[in-house]
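Just so you know, the sequences run in chain order A and B.
Counting in my numbering, the first sequence tops out at residue 250, every number present.
Counting in my numbering, the second sequence tops out at residue 290, every number present.
The beta carbon of each residue, even a glycine, is placed where N, CA and C say it ideally should be.
It should be emphasised that the depicted structure is a prediction, and the values quoted were computed from it without experimental measurement.
Below: the structure, in structure tokens.
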Amino acid sequence: MSATLLELRAVTAGYGDVVVLHEISFSAREGSVTALIGSNGAGKTTTMRCVAGLLRPDNGTIAWRGGVINALSASERVELGISLVPEGRLIFPDFTVEENLSIGAFNPRAKPNRNRRRDEMYGLFPRLRERRGQHAGTMSGGEQQMLALARGLMAEPKLLLLDEPSLGLAPSIISQLFDIVDTVRRMGVTIVIVEQNVHRTLQIADYVYVLENGQIVIHGDAQSCAENPNIKQAYLGLY
Amino acid sequence: MLSFQLLIAALATGSVYALIAVGLNLIYGTMRLLNVAHGDLVMLGAYATYWSFSLLHVDPLIAVPFVGLLAAGIGAAAYFFLFQHFLRTGSLTDRIEANSLLVFFGLSIAIENLASLAFSGNPQAYEYLDRVIRIGSASIVGNRLAALIIALCTCIGVLLFFRLTTLGLAVRAIIQSRDAAEIVGVSARKTYLLTFCIGFGLAGMTGAVVSLYSQIWPFMGFSYTIVGFVIIILGGLGNIVGSIVGGLLLGVLETFGVAAVGANYRSILIYGVFIAIIIIRPQGLFGTKSTAR
């Protein structure tokens, strides 16, 4: 068994007085793909924001290789190797594709290899090479999603957090996207993925957590989850 | 009317305006903080240059960068003592725009009155490079020409910093989205500190430049703050290039306008531009929806 890279212990978090997550615990092993599934408003994105450091938990601990990282800001967590590809993409619309990628390697760990890394990304996403001089805000949704993913990888992450990467994309692009996610995991990057597309997600995930109303209600390896009647009924549309 | 002489005069006014606006807009763009005390830093920079010239006989041109560094230090102090705690909790950060206006306004009143206690309320000036220089058909006083060159070069330097350096890219990333910048590893706090230093430093340098040709007194800052506001509305909030172009443009409008209708209308011209822009194009001449939130 590989070591635990990320571990959340009884994390409670929310916005102002609204509590979204109630004592969530989950972990991601090094080199694995961990999926968080659940309906809208279950707290998936909030969980990702907590791990990335954009939101501070009200209670509980977030541990990286066993050390508590609650107090670290998002930018400090990037230095550790945590990279978020956020829902809604959050790319820099006024930057060109190339500038978006360059700023992705801002952390001191990734900066020395920036240009080589950028060429690798152009290899992985040929579309971005074609669009390298274009302002990111003028690209299509699918291209922006690819850019967000490439930018996340520019940071040379050890843990990649993918928040709804397939949201709003055409089916052909979704299939491309999952292929790339698979490539990334074979590069040795640990992945935590939040997805609505449960069917595809179960195919690439090793371990699955199901979130409902801010709590983990089911968890297990992907195989057993795919056979779980509750998951089949609620998320796969099978009876 | 469209004489070379007027154009030089417009450039002399506009380049200093641009310098004022860039510093003001940088802090606004990155932190949504409206620095009402910006003009007071200009005043302090002017006094620093004046005293170092009249007491220590330091050449004002040599004083410019040092005054800038001094003002940058004040910026760092202002960040640590006045603003850092605003960024500690989300609820305070959300209200920072309104709160900052009060903090900066208080700072402005304090600086102005302390300055008038320390330096007296009487206008001061010194004589430096006051020979008239001829450029083709135009003539310009030496100190105005020096101010023009320093202001223009500084603006170009700032622009190059933002276009060409990784740090400049990071500041522009924060201007577009704080969260997006944080998740690629750009520390918002470090960037804010840097912005305070650059913004205040540019204000101090502007003061040093202004003192070359203008009378200085403790309450001179407000008119510079107002000019800065007009320009950042003109060029777009958070848009650095827009500020430089807007500053030069306002210099042209003011100089040619005054030549056409008389100096009594100077304020009307400036506020007229301000009101016209707010009505016709509130996002600024070069603003887009993403930069002018």
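Item, Value
"Using C-beta distances below 7 Å, list every residue in its chain close to Val13 of chain B, excluding the 5 sequence neighbours before and after it, in chain order.", "Ala144, Ala148, Thr203, Val206 and Val207"
"In whole angstroms, what is the alpha-carbon distance linking Ser45 of chain A and Thr149 of chain A?", "It is Thr, not Ser, that sits at residue 45 of chain A in the sequence shown. Their Cα atoms are separated by approximately 33 Å."
"With 9 Å as the limit, tell me which residues of the region 161 to 187 of chain B have their beta carbon closer than that to any beta carbon of chain A; keep them in chain order.", "Thr163, Leu166, Ala167, Arg169, Ala170, Ile172, Gln173, Ser174, Asp176, Ala177, Ala178, Glu179, Ile180, Val181, Gly182, Val183, Ser184, Ala185, Arg186 and Lys187"
"Using C-beta distances below 7 Å, list every residue in its chain close to Phe271 of chain B, excluding the 5 sequence neighbours before and after it, in chain order.", "Val227 and Ile230"
"Who pairs with Gln226 of chain A in a beta bridge, going by DSSP?", "A:Glu223"
"If you draw a straight line from the C-alpha of Gly36 of chain B to the C-alpha of Val22 of chain A, how long is it?", "47 Å"
"Identify the residues that DSSP records as bridge partners of Asn22 of chain B: which are they?", "Its beta-bridge partners do not exist; DSSP assigns none."
"So, are the CB atoms of Ala69 of chain B and Phe197 of chain B less than 7 Å apart?", "yes"
"Hey, Leu139 of chain A and Ala161 of chain A: beta-carbon distance below 7 Å or not?", "yes"
"Leaving out the 5 sequence neighbours to the left and right, which residues in its chain are closer than 7 Å to Asn140 of chain B when beta-carbon positions are compared?", "Tyr125, Leu126, Asp127, Leu209 and Tyr210"
"Which residues bound the beta strand (DSSP E) around Glu34 of chain A?", "Val29 to Arg40"
"Would you mind telling me which residues of chain B sit closer than 7 Å to Asn126 of chain A, beta carbon to beta carbon, in chain order?", "The contacting residues do not exist; Asn126 of chain A stays about 12 Å from chain B at best."
"Using a Cβ-Cβ distance under 7 Å, would Asp105 of chain A count as near chain B?", "yes"
"Excluding the five sequence neighbours on either side, which residues of its own chain have a C-beta within less than 7 Å of the C-beta of Thr212 of chain A, listed in chain order?", "Ala46, Ile48, Ile204 and Glu206"
"Measuring CA to CA, which of B:Ile24, B:Gly232, B:Gly118 and B:Ala43 is closest to Gly201 of chain B?", "B:Ala43"
"Along chain B, which residues have their Cβ under 9 Å away from the Cβ of Phe117 of chain A?", "Thr163, Leu166, Ala167, Ala170, Ala178, Val181, Gly182 and Val183"
"DSSP three-state label for Gln145 of chain A, please.", "coil"
"Give the single residue among A:Val96, A:Lys169, A:Thr194 and A:Val221 whose Cα lies nearest to the Cα of Arg120 of chain A.", "A:Lys169"
"Got a sec: which bits of the region 85 to 114 of chain A sit with their beta carbon under 8 Å from any beta carbon on chain B, in order along the chain?", "Ala85, Ser86, Glu87, Val89, Glu90, Ser94, Leu95, Pro97, Leu101, Ile102, Phe103, Pro104, Asp105, Phe106, Glu110, Ser113 and Ile114"
"Would you list, in chain order, the members of the region 150 to 169 of chain A that have their beta-carbon closer than 7 Å to a beta-carbon of chain B?", "Arg162 and Ala166"
"Interface residues of chain B around Leu65 of chain A at Cβ under 9 Å?", "Asp176, Glu179 and Ile180"
"Hey, is Ala289 of chain B's beta-carbon within less than 7 Å of any beta-carbon in chain A?", "Residue confidence for Ala289 of chain B is low, a pLDDT of 36 falling below 50, so the modelled location carries little weight; the figure read from the coordinates is stated next. No, its Cβ sits nowhere closer than 7 Å to a Cβ of chain A."
"So, with DSSP's three-state summary, where would you put Gly54 of chain A?", "coil"
"What ranges does the beta strand (DSSP E) occupy inside the region 117 to 169 of chain B, keeping only unbroken runs of at least 3 residues that lie completely in it?", "129 to 132 and 135 to 138"
"Whole alpha helix (DSSP H) runs in the region 48 to 94 of chain B with 4 or more residues, listed along the chain?", "57 to 75 and 87 to 91"
"In this structure, what does DSSP give as the bridge partners for Ala74 of chain A?", "A:Glu18 and A:Val79"
"Buried or exposed: where does Ile17 of chain B fall if 16 or more other Cβ atoms within 10 Å of its Cβ makes it buried?", "buried"
"Assuming Arg40 of chain A and Ala63 of chain A make a contact with CB atoms under 8 Å, what is their CB distance in whole Å?", "About 19 Å; that fails the 8 Å criterion."
"Roughly how many angstroms lie between the CA atoms of Ser105 of chain B and Gly26 of chain B, to the nearest whole one?", "20 Å"
"Does the ligand MG have even one heavy atom less than 6 Å from the beta-carbon of Ala135 of chain B?", "With respect to small molecules bound, the structure shown includes none, and the ligand MG cannot be examined in it."
"Just to confirm my understanding: we take Pro120 of chain B, look at its own chain, exclude 5 residues before and 5 after, and list those with CB closer than 8 Å. What are they?", "Gln212, Ile213 and Trp214"
"Starting from Ala166 of chain A, follow its DSSP beta bridges and name the residues at the other end.", "Answer is none; Ala166 of chain A lacks a bridge partner."
"How would you label Gln81 of chain B, buried or exposed, when you count the other beta carbons within 10 angstroms and need 16 or more for buried?", "exposed"
"For Ile102 of chain A, does the three-state DSSP call read helix, strand or coil?", "coil"
"Going by C-alpha distance, which of B:Ile132, B:Thr192, B:Val55 and B:Gly65 is nearest Ser0 of chain B?", "B:Ile132"
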